[in-house]
Amino acid sequence: MQNKWALVTGADRGVGLGLVKVLIARGYHVFAGQFIPNNGELEQLSELSGERLRLLPLDISDEASVSSAVEAVDAVTDRLDMLINNGAILGDIKASIQDDLNFEEMERVFKVNTLGSLRMSNGLIESIMRSDSKLIVNISSEAGSIGSCWRTGWYAYCMSKAALNMQSQLIHNQIAGQGGKVMVIHPGHVQTYMQGKLDTAGALTPLESAEHILGLVENRLRPDYSGDKLELIDYAGNTLPW
Ligand SMILES: NC(=O)c1ccc[n+]([C@@H]2O[C@H](COP(=O)([O-])OP(=O)(O)OC[C@H]3O[C@@H](n4cnc5c(N)ncnc54)[C@H](OP(=O)(O)O)[C@@H]3O)[C@@H](O)[C@H]2O)c1
């Protein structure tokens with residue numbers, strides 16, 4: 002049987018690391034994008050997994066870094082079954098419209114969360130479309146849902162994820178007719194370091210979130226899957242308003 006290949010961005014910790022662990026356990030060959038190696042767990046997993054797990058230095062906001070990662074993938078396989086755009090940053094979560102907003106930081110957040118994902122999907126689309134699964138999974142957030150928005154701040158993060166949602170729909174419109182698949186998933190409130198310290202209020206561990214996400218992916222890849230509309234869904238499969 003042909004190898005199944007997946008690539009996860011922002012795989013050093015949090016949900017990304019969880020996704021890599023579950024993908025490896027499910028038999029995938031995985032490219033794990035490492036932004037700034039910071040906990041050693043991914044390296045340990047890589048030693049245990051041999052050729053099934055390949056670490057890629059990867060800053061998704063940087064054109065040269067993404068090009069090198071795409072070249073590294075192309076050197077190993079001409080087909081990528083699944084790209085999981087997971088890497089993201091939060092930015093300021095306090096300032097409202099009546100405060101001084103940090104526009105420079107907002108640009109950085111957009112460069113990672115919105116354009117970083119697009120750069121990856123754009124760079125890898127040919128390999129993705131040559132694969133059996135033809136799947137792009139964008140890890141978004143309930144914070145990107147305009148229909149359920151309650152916040153008065155988190156400008157960069159919420160807007161960057163809303164734009165990621167639109168990006169997903171545009172990609173879906175282009176590739177669905179060719180068998181391509183896009184998923185946009187809110188991973189739940191997860192115990193990660195996204196806010197700079199461990200968020201113990203999270204309802205899910207990264208591994209639990211990853212198990213849920215890959216359960217949804219398996220369902221999406223079933224030959225008898227019938228939905229043709231793209232929806233923003235949460236880790237449990239519930240539909241969220243765009
Ligand atoms: N945690 C939650 O409750 C929650 C809720 C909704 C959505 N999400 C989404 O879930 C995904 C994973 O977040 P998380 O909670 O696991 O947070 P996290 O632990 O901070 O993980 C994010 C990962 O992205 C990496 N990253 C940052 N900048 C990058 C860049 N320029 N290029 C490539 N990678 C970069 C980070 O690297 P470093 O480790 O070096 O910083 C980190 O490994 C994100 O898309 C996030 O928006 C999370």
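Residue numbers for the sequence shown follow this note's numbering, beginning at 2 and rising by one.
A virtual CB, placed ideally from N, CA and C, is assigned to each residue, including glycine.
> Are three or more beta carbon pairs between the stretch 171–187 and the stretch 138–146 nearer than 8 Å?
Replying inline: yes
> Can at least three beta-carbon pairs, one atom from the stretch 116–134 and one from the stretch 55–67, be found at a separation below 8 Å?
Replying inline: yes
> How far does the beta strand (DSSP E) with GLY34 in it reach, from first residue to last?
Replying inline: By 1-based counting over the sequence shown, the position of residue 34 is 33. Counting along the chain, the beta strand (DSSP E) containing GLY34 begins and ends at 30–35.
> Going by the C-beta, is LYS95 closer than 7 Å to any heavy atom of ligand 3?
Replying inline: Absent from the structure shown: ligand 3. Ligands present: ligand 1.
> Per DSSP, which one or two residues make a beta bridge with ARG80?
Replying inline: Translated into positions along the sequence shown, residue 80 becomes position 79. ARG80 pairs with nothing; no bridge assigned.
> From VAL218 to ALA7, what does the alpha carbon distance come to, in whole angstroms?
Replying inline: Stepping through the sequence shown from its first residue, residue 218 is reached at position 217. Stepping through the sequence shown from its first residue, residue 7 is reached at position 6. If I take the Cα positions, the gap works out to 12 Å.
> Do the CB positions of GLN35 and LEU59 come within less than 8 Å of each other?
Replying inline: For the purposes of this step, residue 35 is identified with residue 34 of the sequence shown, where counting begins at 1. For the purposes of this step, residue 59 is identified with residue 58 of the sequence shown, where counting begins at 1. Yes. Within cutoff.
> Between LYS230 and LYS162, what straight-line distance do the alpha-carbon atoms span, to the nearest angstrom?
Replying inline: As a first step, residue 230 is located in the sequence shown; it is residue number 229 there, counting from the start. As a first step, residue 162 is located in the sequence shown; it is residue number 161 there, counting from the start. So the two alpha carbons sit approximately 19 Å from each other.
> Based on the DSSP secondary-structure assignment, which residues constitute the bridge partners of ILE85?
Replying inline: Residue mapping note: residue 85 aligns to position 84 of the sequence shown, counting from 1. DSSP, once it has assigned bridges, lists VAL9 and VAL138 as partnering ILE85.
>> Taking only three categories from DSSP, how would you classify MET167?
In response: Stepping through the sequence shown from its first residue, residue 167 is reached at position 166. DSSP places MET167 in helix when its eight states are reduced to three.
>> Let's test the definition: count the other Cβ atoms within 10 Å of the Cβ of ASP225 and tell me whether it reaches 16, buried, or not, exposed.
In response: The count along the sequence shown starts at 1 and reaches residue 225 at position 224. ASP225 comes out exposed.
>> Using only the alpha-carbon positions, how far apart do GLN192 and TRP155 sit?
In response: One-based indexing of the sequence shown puts residue 192 at position 191. One-based indexing of the sequence shown puts residue 155 at position 154. Taking the straight line from one Cα to the other gives about 19 Å.
> Can the beta-carbon of LYS135 be found less than 8 Å from the beta-carbon of GLY88?
Replying inline: Sequence index remark: in the sequence shown, residue 135 carries index 134 (1-based). Sequence index remark: in the sequence shown, residue 88 carries index 87 (1-based). No; because the gap between Cβ atoms is not below 8 Å, this pair is not in contact.
>> On a Cα-Cα basis, can you pick out the residue from SER97, ARG131 and VAL110 that is closest to GLN3?
In response: As a working mapping, residue 3 is identified with position 2 in the sequence shown. The option with the nearest alpha carbon to GLN3 is ARG131.
> What is the residue span of the beta strand (DSSP E) that ILE186 lies within?
Replying inline: One-based indexing of the sequence shown puts residue 186 at position 185. From DSSP, the beta strand (DSSP E) with ILE186 extends over 182–187.
> Exposed or buried, which one is GLY145 when buried takes at least 16 other CB atoms within 10 Å?
Replying inline: Position 144 of the sequence shown, counted from the start, is the residue given in the question as residue 145. Its Cβ being crowded by 16 or more others within 10 Å, GLY145 is buried.
> Beta carbon of HIS190, beta carbon of ALA211: below 8 Å?
Replying inline: Indexing the sequence shown from 1 puts residue 190 at position 189. Indexing the sequence shown from 1 puts residue 211 at position 210. No.
> When you compare only the Cα positions, how much space is there between LEU233 and TYR194?
Replying inline: Within the sequence shown, the letter at position 232 stands for residue 233. Within the sequence shown, the letter at position 193 stands for residue 194. Roughly 24 Å between the two C-alpha positions.
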